[in-house]
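Colleague:
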Amino acid sequence: MSTIHRTHIAMTDRLTERTTDFLSALARLKEALAQPESSFLRDATIQRFEFTYELAWKAIKLWLESKDITALNAKETLQGAVQQGLIQDGNSWSELHRMRNLTSHTYDEAQAIRVYNFVRTEGVTLFDEVAQEMRSWIKA
2 MSTIHRTHIA MTDRLTERTT DFLSALARLK EALAQPESSF LRDATIQRFE FTYELAWKAI
62 KLWLESKDIT ALNAKETLQG AVQQGLIQDG NSWSELHRMR NLTSHTYDEA QAIRVYNFVR
122 TEGVTLFDEV AQEMRSWIKA
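Okay, structure coming up:
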């Protein structure tokens, strides 16, 4: 087996693993959102949002790399995904990215409520749209 073939198999395996992890995280995020809202649940949901977002952009990054497109960070990855047609609404994903960045800073309850509401009303839909395409990556 050639080195190039082994490298391709390794990349495919990593993409499958990362995609499966993202899909699992998305299911757990939806599970949290299905519960009655409380401050505890809101915090748990935001944490699940954080790792769902991280897994999403890292899976997309691997997908871009499989197409010989290099992206160094989440912002470049999302731009590449828009250019490749994987993400249809780049502005909404920019807002998703901004919400993720807000969670990295000192806790502020008003901000947490804003992030939670965004995730509940828009974020999950954005993840679902990308997840639909990603499922084909692990079936191929």
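Each residue of the sequence shown is one higher than the one before, counting from 2 in the working numbering.
Heads up, the beta-carbon is just placed ideally off N, CA and C, and yes, glycines get one too.
Put aspartate 44 into one of helix, strand or coil per three-state DSSP.
Modeller: Counting from 1 along the sequence shown, the entry for residue 44 is found at position 43. Residue state, collapsed to three classes: helix.
Colleague: Inspect the beta-carbon positions of arginine 101 and leucine 63 and report whether they are closer than 9 Å.
Modeller: Taking the sequence shown and counting its residues from 1, one reaches residue 101 at position 100. Taking the sequence shown and counting its residues from 1, one reaches residue 63 at position 62. Going by C-beta atoms, arginine 101 is not nearer than 9 Å to leucine 63.
Colleague: Distance check for glutamine 85 and arginine 49, CA to CA, integer angstroms please.
Modeller: Mapped onto the sequence shown, residue 49 falls at position 48. Mapped onto the sequence shown, residue 85 falls at position 84. Each residue's Cα considered, the two are about 27 Å apart.
Colleague: Starting from glycine 86, follow the alpha helix (DSSP H) in both directions and report where the run begins and ends.
Modeller: Numbered from 1 along the sequence shown, position 85 holds the residue referred to as residue 86. Unbroken run through glycine 86: none, as it is neither H nor E.
Colleague: My guess is that lysine 59 and arginine 19 are in contact by the Cβ rule of under 8 Å, so how many angstroms apart are they, rounded?
Modeller: Sequence index remark: in the sequence shown, residue 59 carries index 58 (1-based). Sequence index remark: in the sequence shown, residue 19 carries index 18 (1-based). Contact flag correct, Cβ pair sits at about 6 Å.
Colleague: Taking 8 Å as the threshold, find out whether the region 119-136 comes into contact with the region 27-39 through three or more Cβ pairs.
Modeller: Yes, they touch.
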